[in-house]
Structures are given as structure tokens and as C-alpha cells.
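Chains as they are written, first to last, in this note's numbering: chain A, 1461 to 1568; chain B, 13 to 126.
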């Protein structure tokens, strides 16, 4: 089946720093999503981005489908950005497959 | 509040016991999912339902059954619980609107099998 790899596995930042999270996938996909899981376990859908670039406040994402990777940018990080960021891809309709995540800790 | 509601939030079972995890969504979404998350790992798809009356296996279906009772409700059943099923279970729903797919997750059920 499709492989979804995220890097780095762990990231520690000071408040105000910028970061880039990467997601590589091994086959073509119909759909790519980014999620944030907060320290209390709640999962929030950040972006639907099968290709191109989107921005939402301090977060932006870019997917280059032909090269099978996606990037999530976090600018001016805040402590509330802490948690785990997951990339998830859909190789077949309705089968969303998750990567293992990047754990982000932002300190004041 | 609109969203996905899971019950119970916590459960401890003995090996061999059975139980059903309940999930309901009030967003009129067609697609619903059950995932499990083990410590330090991503989510793995157990079963999904693309529409009322249909269900399909995901990555890790063994030991589980599901029922799509109606458009709102999608339940997950463990017939004979095993310690390997200790995990956090998430229900989700999704819908495509204006070309965008949005996913909404419930708050999870933490299950321990002893």
C-alpha cells in the first residue's frame, strides 16, 4: 500500500520562530489533508490541498503532486501551535491514510 | 453544537468481553469512518462507510464489525476484546462541498482491555 512519511518526527521551537514540516508519499493520490492534534487529543482539519498552495493566517501549505510531497509552513509560532501535525492522503476514494506525524513543541 | 459525538469517552474491558462504540454526526455528511490511534503513532483506518447502507474494510479491520444504522450513526463493535485492541478510537465524518473535502473528528474513546 501507499507509504506516507513525515519529517522531522520531532521539532522544538521557541515562540516566534518559523518552521517547515514535510510529507512525502509513495504513489499518486486523489486527496491530501493536513491535521493538527492538540495536546488534549482533538483533531482539527487544517487544509485540503491535493495540489497548489493555500494560506490560512500564520499557516500555509503547498503540495507538489507530480513530485509526491507536501509542505506545511508555520510562521511566528505560538505555544498554542504545540501538538502533532499529521499529513493524510487518499489513494482510493474514502480511504484516508495517515502519516506518523510531526510532534511540535513551542516554548515561550 | 454541530459535530461528531462519540460515546463512551473511556472504557475498560476484560479480555473476551464485547462492547459497541457509538458515533453520531449532525452535519448531514455521507461518509463516516472509524480510526484507531496507538501511542506515538498516526491513525489507522478500521472501517469506513461512504453512504448509508454501505461499509468497507480499511487497513486494520480484523476483530471489529461496524453498522451504519442511518445517515447520522456509525457504530463499531468489538465482539471479543483482546489486549491488542487497547487504543484510542476516533470516529470521523466527511463531505465534499464546493470541491473541498472537510473532515470532522469526534473527541475519541480511550479503550483499555485488561
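From the three backbone atoms N, C-alpha and C, an ideal C-beta is built for every residue, glycine too. On a predicted model such as this, the values are computed, not experimentally measured, just so you know.
{"Asked": "Any beta-carbon of chain A closer than 8 Å to the one on residue 22 of chain B?", "Found": "no"}
{"Asked": "How about residue 1528 of chain A and residue 1484 of chain A: are their beta carbons less than 8 Å apart?", "Found": "yes"}
{"Asked": "Residue 1562 of chain A by DSSP, collapsed to three states: which one?", "Found": "strand"}
{"Asked": "Verify whether the separation of the beta carbon atoms of residue 1546 of chain A and residue 54 of chain B is less than 8 Å.", "Found": "yes"}
{"Asked": "Residue ranges of each alpha helix (DSSP H) run of no fewer than 4 residues wholly in the region 1504-1561 of chain A, ordered along the chain?", "Found": "none"}
{"Asked": "For chain A, is any of its Cβ atoms less than 8 Å away from the one on residue 60 of chain B?", "Found": "yes"}
{"Asked": "So the candidates are B:122, B:119, B:124 and B:104; which of them puts its Cα closest to the Cα of residue 42 of chain B?", "Found": "B:104"}
{"Asked": "For a quick check, are the C-beta atoms of residue 1522 of chain A and residue 1535 of chain A less than 8 Å apart?", "Found": "no"}
{"Asked": "Nearest by alpha-carbon distance to residue 8 of chain B: which of A:1500, A:1566 and A:1512 is it?", "Found": "Residue 8 of chain B lies beyond the residue range present for chain B, which begins at 13 and ends at 126; the question has no answer from this structure."}
{"Asked": "Quick one: is residue 1554 of chain A buried, meaning 16 or more other Cβ sit within 10 Å of its Cβ, or exposed?", "Found": "buried"}
{"Asked": "Would you say the beta carbon of residue 1503 of chain A comes nearer than 7 Å to a heavy atom of the ligand ZN?", "Found": "As for the ligand ZN, it is missing from this structure, which has no ligand bound."}
{"Asked": "Going by CA-CA distance only, name the one from A:1508, A:1517 and A:1469 that's closest to residue 1548 of chain A.", "Found": "A:1508"}
{"Asked": "Is DSSP giving residue 97 of chain B helix, strand or coil here?", "Found": "helix"}
{"Asked": "Measuring only between beta-carbons, confirm whether residue 119 of chain B sits less than 8 Å from chain A.", "Found": "yes"}
{"Asked": "Between which two residues does the beta strand (DSSP E) containing residue 84 of chain B stretch?", "Found": "Unbroken run through residue 84 of chain B: none, as it is neither H nor E."}
{"Asked": "Hey, how far is the Cα of residue 38 of chain B from the Cα of residue 16 of chain B?", "Found": "7 Å"}
{"Asked": "Is it buried or exposed, residue 108 of chain B, if we count other Cβ atoms within 10 angstroms and call 16 or more buried?", "Found": "exposed"}
{"Asked": "How many Å lie between residue 78 of chain B and residue 102 of chain B at the Cα?", "Found": "13 Å"}
{"Asked": "In the DSSP output, which residue or residues are listed as bridge partners for residue 1500 of chain A?", "Found": "Bridge partners of residue 1500 of chain A: none, in fact."}
{"Asked": "Three or more beta-carbon pairs under 8 Å between the region 1471-1486 of chain A and the region 75-90 of chain B, yes or no?", "Found": "no"}
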